[in-house]
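Q: Going by this note's numbering, the first residue of the sequence shown is number 38, and it counts up by one from there. Built from N, CA and C at the ideal position, the CB exists for glycine as well. None of the values given here were measured: they were computed from a predicted structure.
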Amino acid sequence: MKKLLIACMAVCALSACTQTKQVPLSFNVENRGADTKLPQILPVEQLPSVAKLPDPFAWSDGSGRCKTFKEWTRRRTEIIHEISSYELGLRPPRPADMTATYSNGVLEVVIKDNGQTLTLSSPVTMPKGEGPFPVIIGMNRPTGTMAAELFEDFIQIPYLHNQTALYGYGVPEKEGPFFQMYPHLKEAGDYCAWSWGISRLIDGLEMVQSQLNADMSRIGLTGCSYAGKMTLFGAAFDERIALAIVQESGGGGVNAWRVSETIGEVEKISNTNYSWFMKRLRNDFDGKADRLPYDHHELIALIAPRAVLVLGNPDFEWLGDPSGYVATEAAMEVWKAMGVEDRIGYDFSPGHPHCRVNDSQHEAVVAFVDKFLRGATETNTLIRNTPVETIDPTEWISEWAGYQLKMK
Numbered sequence: 038m039k040k041l042l043i044a045c046m047a048v049c050a051l052s053a054c055t056q057t058k059q060v061p062l063s064f065n066v067e068n069r070g071a072d073t074k075l076p077q078i079l080p081v082e083q084l085p086s087v088a089k090l091p092d093p094f095a096w097s098d099g100s101g102r103c104k105t106f107k108e109w110t111r112r113r114t115e116i117i118h119e120i121s122s123y124e125l126g127l128r129p130p131r132p133a134d135m136t137a138t139y140s141n142g143v144l145e146v147v148i149k150d151n152g153q154t155l156t157l158s159s160p161v162t163m164p165k166g167e168g169p170f171p172v173i174i175g176m177n178r179p180t181g182t183m184a185a186e187l188f189e190d191f192i193q194i195p196y197l198h199n200q201t202a203l204y205g206y207g208v209p210e211k212e213g214p215f216f217q218m219y220p221h222l223k224e225a226g227d228y229c230a231w232s233w234g235i236s237r238l239i240d241g242l243e244m245v246q247s248q249l250n251a252d253m254s255r256i257g258l259t260g261c262s263y264a265g266k267m268t269l270f271g272a273a274f275d276e277r278i279a280l281a282i283v284q285e286s287g288g289g290g291v292n293a294w295r296v297s298e299t300i301g302e303v304e305k306i307s308n309t310n311y312s313w314f315m316k317r318l319r320n321d322f323d324g325k326a327d328r329l330p331y332d333h334h335e336l337i338a339l340i341a342p343r344a345v346l347v348l349g350n351p352d353f354e355w356l357g358d359p360s361g362y363v364a365t366e367a368a369m370e371v372w373k374a375m376g377v378e379d380r381i382g383y384d385f386s387p388g389h390p391h392c393r394v395n396d397s398q399h400e401a402v403v404a405f406v407d408k409f410l411r412g413a414t415e416t417n418t419l420i421r422n423t424p425v426e427t428i429d430p431t432e433w434i435s436e437w438a439g440y441q442l443k444m445k
């Protein structure tokens with residue numbers, strides 16, 4: 038069933054607008070909850086079976102639920118640690134020895150740690166005018182797979198991921214710069230390395246922001262397919278990113294592992310690319326997705342209260358859009374709990390090639406970019422376009438949906 042929500046009742050819109058103005062759209066640090074006490078990581082046989090999608094508000098130790106917006110900062114750090122421990126690998130902290138330069142149209146970030154040097158070098162496309170300018174970081178290209186014209190008034194910077202970790206084409210490739218710098222992390226997945234590299238690129242951008250006149254409060258991230266996953270992990274783990282446009286990320290991206298087990302020929306724990314993820318995910322949870330203490334609705338929810346637009350393509354069964362739809366609807370409960378549900382939207386409409394957008398998706402991208410990166414606050418972003426064939430998300434979240442956080 039196709040459903041497009043383009044407006045809500047005036048009183049609800051007014052309430053949401055008032056709440057939105059009170060909740061920051063981005064933050065000036067990578068993770069505000071970095072000093073949170075981390076949860077215990079249990080072996081799979083000690084983890085409880087949870088058939089439906091886990092409650093994103095529930096503390097990992099079972100002691101209840103986070104109750105306030107401030108406590109969500111701690112809760113999201115728990116979720117990050119669980120995803121990192123069971124699926125991705127633990128990201129190293131920002132190295133102390135980092136420098137950045139901007140010269141001849143190139144941003145160069147030099148990172149030194151453990152006797153190794155890793156260099157991120159990205160050509161920068163500057164807009165006309167004086168700024169300050171919003172920033173778009175595209176995976177592998179200045180604007181990802183999106184048309185450059187959408188961001189002509191932005192600083193455009195490609196994140197060239199092979200400078201961090203090499204793409205493995207289904208075979209683990211652990212000889213890239215990140216794994217040379219951190220050889221003890223060779224069991225980590227590529228998304229651990231790639232998302233870490235995105236954060237280091239933003240560190241470098243901070244160092245030269247005065248040269249570029251960059252508005253560091255308005256950073257967007259975009260990518261498609263495996264780079265859509267990269268966008269999702271990058272934005273989930275770094276609170277400096279104001280908007281993520283996650284396009285056709287499929288299994289291992291927005292899709293919930295549990296839900297994907299119930300549908301057709303889609304990417305699942307058993308058959309995903311294990312250069313991207315830790316082998317522990319398959320070894321411990323293949324056939325046991327119900328034992329995961331989280332699922333990918335919580336990965337999406339790590340972005341809250343910042344903005345995310347999820348784009349799908351149900352013409353490609355492998356992408357598993359019904360699972361992505363359920364997970365996105367489940368994640369939306371976190372934005373609703375904060376009173377900022379206009380900051381999450383999705384369009385799973387068909388009729389376009391892989392990593393391209395149709396008319397409705399183009400309009401959705403323009404709306405989210407205008408509102409959350411250009412500052413056009415009155416723009417409607419209540420975009421809800423479901424796949425043609427879908428699943429009722431309520432059966433996956435009914436035990437915990439409808440929760441409200443205290444915002445002060």
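To the nearest angstrom, how far is it from the Cα of Glu124 to the Cα of Lys165?
A: Within the sequence shown, residue 124 is the residue found at index 87, counting from 1. Within the sequence shown, residue 165 is the residue found at index 128, counting from 1. Those two C-alpha atoms are separated by around 43 Å.
Q: Can you tell me where the alpha helix (DSSP H) with Asp384 in it begins and where it stops?
A: Counted from its first residue, the sequence shown places residue 384 at position 347. Looking at the DSSP string, Asp384 is not in any alpha helix (DSSP H); the run it does join, the beta strand (DSSP E), is Ile381 to Asp384.
Q: For Gly439, which residues of its own chain have a beta-carbon under 6 Å away from its beta-carbon, when the five flanking residues on both sides are left out?
A: The residue labelled residue 439 in the question sits at position 402 within the sequence shown. Excluding positions up to five away in sequence, the list is empty.
Q: For Trp372, I'd like the list of residues in its chain whose CB is within less than 6 Å of its CB, leaving aside the five on either flank, ordered along the chain.
A: Start at 1 with the first residue of the sequence shown, and residue 372 comes out as number 335. Taken in chain order, the residues that qualify are Ala341, Glu378, Arg380 and Ile381.
Q: Using only CA atoms, which one of Arg112, Gln77 and Thr416 lies nearest to Pro93?
A: Residue 93 sits at position 56 when you count from the first residue of the sequence shown. Of Arg112, Gln77 and Thr416, the residue nearest in Cα terms is Arg112.
Q: The beta strand (DSSP E) spanning Leu144 covers which residue range?
A: If you number the sequence shown from 1, residue 144 lands on position 107. Run containing Leu144: Val143 to Asp150, per the beta strand (DSSP E) assignment.
Q: So what does DSSP say about Gly257, is it helix, strand or coil?
A: On the sequence shown, residue 257 is found 220 positions in, with the first residue counted as 1. Gly257: strand per DSSP, three-state reduction.
Q: Determine the direct distance from the alpha carbon of Arg178 to that of Tyr196, and round the result to whole angstroms.
A: Position 159 of the sequence shown, counted from the first residue, corresponds to residue 196. Position 141 of the sequence shown, counted from the first residue, corresponds to residue 178. Cα-Cα distance, rounded: 7 Å.
Q: List the endpoints of the continuous alpha helix (DSSP H) containing Leu269.
A: Here residue 269 refers to the residue found at position 232 when the sequence shown is read from its first residue. Tyr263 to Phe274 is the span of the alpha helix (DSSP H), which, as asked, contains Leu269.
Q: Under 7 Å Cβ to Cβ from Cys392, same chain only, skipping five residues before and after it: list those, please.
A: The sequence position of residue 392 within the sequence shown is 355, counting from 1. Once the five neighbours on either side are set aside, the close Cβ partners of Cys392 are Thr182, Cys261, Ser262, Gln284 and Glu285.
Q: At the level of alpha carbons, what is the spacing between Ala95 and Lys223?
A: Indexing the sequence shown from 1 puts residue 95 at position 58. Indexing the sequence shown from 1 puts residue 223 at position 186. Ala95 and Lys223: Cα-Cα distance of roughly 32 Å.
Q: Just how far apart, CA to CA, sit Phe322 and Thr309?
A: In the sequence shown, counting from the first residue as 1, residue 322 sits at position 285. In the sequence shown, counting from the first residue as 1, residue 309 sits at position 272. Approximately 12 Å, taken between the alpha carbons.
Q: If we require 4 or more residues per run, which alpha helix (DSSP H) segments fall completely within the region 386 to 427?
A: The qualifying runs are 396 to 409.
Q: How should Arg343 be labelled, buried or exposed, when 16 other C-beta atoms within 10 angstroms of its C-beta is the threshold for buried?
A: The residue labelled residue 343 in the question sits at position 306 within the sequence shown. Buried.
Q: Whole angstroms are fine: how far does the CA of Lys104 sit from the CA of Ala374?
A: What you label residue 374 is simply residue 337 of the sequence shown in a count that begins at 1. What you label residue 104 is simply residue 67 of the sequence shown in a count that begins at 1. Between Ala374 and Lys104, the C-alpha separation is close to 10 Å.
Q: Curious, which full-length alpha helix (DSSP H) runs of at least 4 residues does the region 273 to 360 contain?
A: Runs found: 294 to 297, 316 to 322 and 333 to 338.
Q: Count the CB pairs spanning the region 272 to 282 and the region 425 to 434 that are closer than 8 Å, and state whether there are at least three.
A: Touching, no, given that fewer than three Cβ pairs across the two stretches are closer than 8 Å.
Q: Quick one: residues in its chain with C-beta nearer than 6 Å to the C-beta of Ile235, no 5 flanking neighbours on either side, listed in chain order?
A: What you label residue 235 is simply residue 198 of the sequence shown in a count that begins at 1. These residues qualify, in order along the chain: Tyr196 and Gly271.
Q: Assign Val66 to buried or exposed, taking buried as 16 or more other Cβ atoms, counted over all protein chains shown, within 10 Å of its Cβ.
A: As a first step, residue 66 must be located in the sequence shown, where it is residue number 29. It counts as exposed.
Q: Start and end of the alpha helix (DSSP H) containing Ala230?
A: Taking the sequence shown and counting its residues from 1, one reaches residue 230 at position 193. Asp227 to Met244 is the extent of the alpha helix (DSSP H) around Ala230.
Q: Can you pull the DSSP bridge partners for Gly126?
A: Position 89 of the sequence shown, counting from 1, holds the residue named residue 126. The partner list for Gly126 (beta bridge, DSSP) is empty, contrary to what the question assumes.
Q: For Gly213, which residues does DSSP report across the bridge?
A: Translated into positions along the sequence shown, residue 213 becomes position 176. None; Gly213 has no bridge partner.
Q: How about Leu75 and Asp332: do their beta carbons lie closer than 7 Å?
A: The residue given as residue 75 occupies position 38 in the sequence shown. The residue given as residue 332 occupies position 295 in the sequence shown. Result no, Cβ atoms of Leu75 and Asp332 do not sit closer than 7 Å.
Q: Can you give the beta carbon distance from Trp294 to Leu329, rounded, assuming they're within the 8 Å contact cut?
A: Numbered from its first residue, the sequence shown carries residue 294 at position 257. Numbered from its first residue, the sequence shown carries residue 329 at position 292. Confirmed, about 6 Å.
Q: With respect to the beta strand (DSSP E) encompassing Thr154, which residues constitute its N-terminal and C-terminal limits?
A: What you label residue 154 is simply residue 117 of the sequence shown in a count that begins at 1. Gln153 to Pro160 is the extent of the beta strand (DSSP E) around Thr154.
Q: How should Lys408 be labelled, buried or exposed, when 16 other C-beta atoms within 10 angstroms of its C-beta is the threshold for buried?
A: By one-based count along the sequence shown, residue 408 stands at place 371. Lys408 is buried by the Cβ-count criterion.
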